[in-house]
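Peer 1:
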Amino acid sequence: MGKSIEKSTKGNMENRMYFMDNLRAFIILLVIVFHVAIGYMAPAPEWWYVVDIKSHPVFNLFVMTTDVFIMPILFLLAGYFTMPVLEKQGMSTFLREKFFRIVLPWIAGVLFLAPAITYMIWYSRTSTPPAYFTYLITNFFSAATFNHAHYWFLGDLAWFFVFFAAIYKAFPSLFQRKAEASSPSFVFLVLFGLVTAATFFIANFYFYADEWFSRLYIISFQPTRFFLCACYFALGIHAWQNRWFTEEGYMPHFSYWMSASVITMLVFTYYRITFTNTTPIALKAGHAILHSFFCLTTVFGFISFFHKDFNSKGYLWRRLSANSYRIYYIHQFVVLPIAYMVQKFDVSVWVKYFSVSAICLVSCFMLSEYVIGKVMFQKYEKILVK
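What follows is the structure in structure tokens.
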């Protein structure tokens, strides 16, 4: 009887991996404070929407390091749960659900919301910005200005699902789950790191390390990171197949992976500070390798950390998880107006940053939970929570 209870408990834990839900919710909140920080960089990127009069180099370090791993974590989590959802729903329902949940919000975001977000570049910098509809017709859809804002993630994810569905339809046996759990070998992890480094390095021949590409209109991405993110999506599927992160499967060792993450972060940061877009090829290769392995160690480090300390279904975590998608979708419409309101305030940069971050975090959650959730998705929420 004891073994039956233990087996049942493990099955329930695998069906609902709370640490994965909580990690996704945390990363979405981290995206918010990350986007707030960009406006306080010294100097901030010229393409950023609202640039404050106050700045500090510490924000450069925060943005530079955080930017490496936040999206790969989200792509890995998306990949990990792709097959369980597909097996539960079937291909036709799976694709229909992704169309309504990912594709339509992405298209709506790009066509109707990204223009308003991008307009803040003009609105926050000049006393006489162009009329919005003039800007929309003459500026936004030009090659120099067009972008997907933060909805690029939904677009890239949609394309990943399309390619996955095509491969699955042709070779379904490739995606069967293993009967027994297995652990990644050291060689596998090194090869994965080198492959992702190679994709970064090759793209860096033709594009700057942080450059964005949106000229195809139907997709927006950073060329040096696109295939890296695709690899993490595929790694998520591979992890599910081999039962990683389950109670009976492989779980990254917290001390090892977090120690490796800190070490690679320090080396990467020093390297990146001295890195320029005209760096010789050998140094570009070093940058790609450090970026790749800093990303890998940090992704596994966060998974182990949340499994160790945040594998619970507490009320706040549960609500943050349920709201994470909506929070991501709306957060720039909270971040940018608040950043604009305090843009010219001559107070400490630290007071501004932490105040804006706190207000944005609370406001995004409250807006999603008590306005959008209650008014627009109340019935859906009841089904989801059950």
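Each position in the sequence shown, counted from 1, maps to that position plus 1 in my numbering. Virtual Cβ for every residue (Gly too), placed ideally from N, Cα, C. This structure is a prediction, so every number in the text was calculated from the model and none was measured.
1) Provide the residue span of the alpha helix (DSSP H) that contains Ile238, from first to last.
2) What's the call for Thr94, buried or exposed, on a 16-neighbour Cβ count within 10 Å?
3) Could you tell me if His254 is buried or exposed, where buried requires 16 or more neighbouring beta carbons within 10 angstroms of its beta carbon?
4) Based on the DSSP secondary-structure assignment, which residues constitute the bridge partners of Phe303?
5) I'd like the list of long-range same chain contacts for Ile71, defined as Cβ closer than 7 Å, with 5 residues on each side in sequence excluded.
6) Please tell me whether Val59 has its Cβ less than 8 Å away from any Cβ of chain C.
7) Taking the beta carbon of Phe113 as the centre, do at least 16 other beta carbons fall within 10 Å, making it buried, or is it exposed?
8) Can you check whether the CB of Tyr152 is closer than 8 Å to the CB of Val111?
9) Taking the CB atoms as reference points, tell me whether Ala231 and Phe176 lie closer together than 8 Å.
10) Sort out for me which residues DSSP pairs Phe214 with in a bridge.
11) Three Cβ pairs or more, each shorter than 8 Å: is that satisfied between the segment 58-76 and the segment 263-275?
12) In the structure shown, what three-state DSSP assignment does Lys353 receive?
13) Is the separation between the beta-carbon of Leu158 and that of Ile103 shorter than 8 Å?
14) CB Ser125 to CB Gln344, shorter than 8 Å?
15) State whether the segment 310-317 contacts the segment 209-218, with contact taken as three or more CB pairs (one from each stretch) at a distance under 8 Å.
16) Does the separation of the CB atoms of Ser369 and Asn324 fall below 8 Å?
17) Where does Asn23 fall in DSSP's three states?
18) Taking the alpha-carbon positions, what's the Lys76 to Ala26 distance?
19) What residue range does the alpha helix (DSSP H) around Arg319 cover?
20) Out of curiosity, what's the CA-to-CA distance linking Ile118 and Trp351?
21) Applying the 10 Å Cβ sphere with the 16-neighbour rule, what's the burial state of Ser260?
22) So, helix, strand or coil for Val348, using DSSP?
23) Pick out whichever of Phe301, Val335, Leu321 has its Cα sitting closest to the Cα of Gly194.
24) Can you tell me whether Phe366 is buried or exposed, with buried defined as 16 or more other CB within 10 angstroms of its CB?
25) Look at Val357 and Ile328 and say whether their C-beta atoms are less than 8 Å apart.
26) I'd like the span of the alpha helix (DSSP H) that includes Glu98, first residue to last.
27) Is Phe294 helix, strand or coil when you go by DSSP?
28) CB Ser184 to CB Tyr251, shorter than 8 Å?
29) Can you tell me where the alpha helix (DSSP H) holding Val104 begins and where it ends?
Peer 2: Taking the definition as stated:
1) Here the alpha helix (DSSP H) through Ile238 covers 224-242.
2) So Thr94 counts as exposed.
3) Residue environment: His254 is assigned as exposed (fewer than 16 neighbouring CB atoms within 10 Å of its CB, all protein chains considered).
4) Answer by DSSP bridge pairing: none, since Phe303 is not bridged.
5) Once the five neighbours on either side are set aside, the close Cβ partners of Ile71 are Ile28, Leu31, Val32, Phe35.
6) In summary, chain C is missing from the structure at hand, where a single protein chain is found.
7) That one is exposed.
8) For the 8 Å CB-CB criterion, Val111 and Tyr152 form a contact.
9) Taking 8 Å as the Cβ cut-off, Ala231 and Phe176 do not qualify as a contacting pair.
10) Partner(s): Phe222.
11) Contact holds between the segment 58-76 and the segment 263-275, because three or more Cβ pairs, one in each stretch, are under 8 Å apart.
12) In the three-state reduction of the DSSP assignment, Lys353 falls in the helix class.
13) Against a cut-off of 8 Å, the Cβ pair of Ile103 and Leu158 comes out as a contact.
14) For Ser125 and Gln344, yes; Cβs fall inside 8 Å.
15) Because the criterion of three Cβ pairs below 8 Å is not met, the segment 310-317 and the segment 209-218 do not touch.
16) With a cutoff of 8 Å on beta-carbon distance, Ser369 and Asn324 are scored as near each other.
17) Here Asn23 carries a helix assignment [DSSP, helix/strand/coil].
18) The question names Lys, but residue 76 in the sequence shown is Phe. Answer to the nearest angstrom: the Cα atoms are 13 Å apart.
19) Residues 316-331.
20) Our two residues, Ile118 and Trp351, have alpha carbons roughly 25 Å apart in a direct line.
21) Flag for Ser260 reads exposed.
22) In the structure shown, Val348 adopts coil according to DSSP, grouped into three states.
23) Comparing Cα-Cα distances from Gly194 to each of Phe301, Val335, Leu321, the minimum goes to Phe301.
24) With 16 or more Cβ atoms within 10 Å of its Cβ, Phe366 is classed as buried.
25) No; because the gap between Cβ atoms is not below 8 Å, this pair is not in contact.
26) Per DSSP, the continuous alpha helix (DSSP H) segment holding Glu98 begins and ends at 92-99.
27) It is helical.
28) Yes, these two residues count as a Cβ contact at 8 Å.
29) The continuous stretches of alpha helix (DSSP H) do not include Val104, and DSSP gives it neither H nor E.
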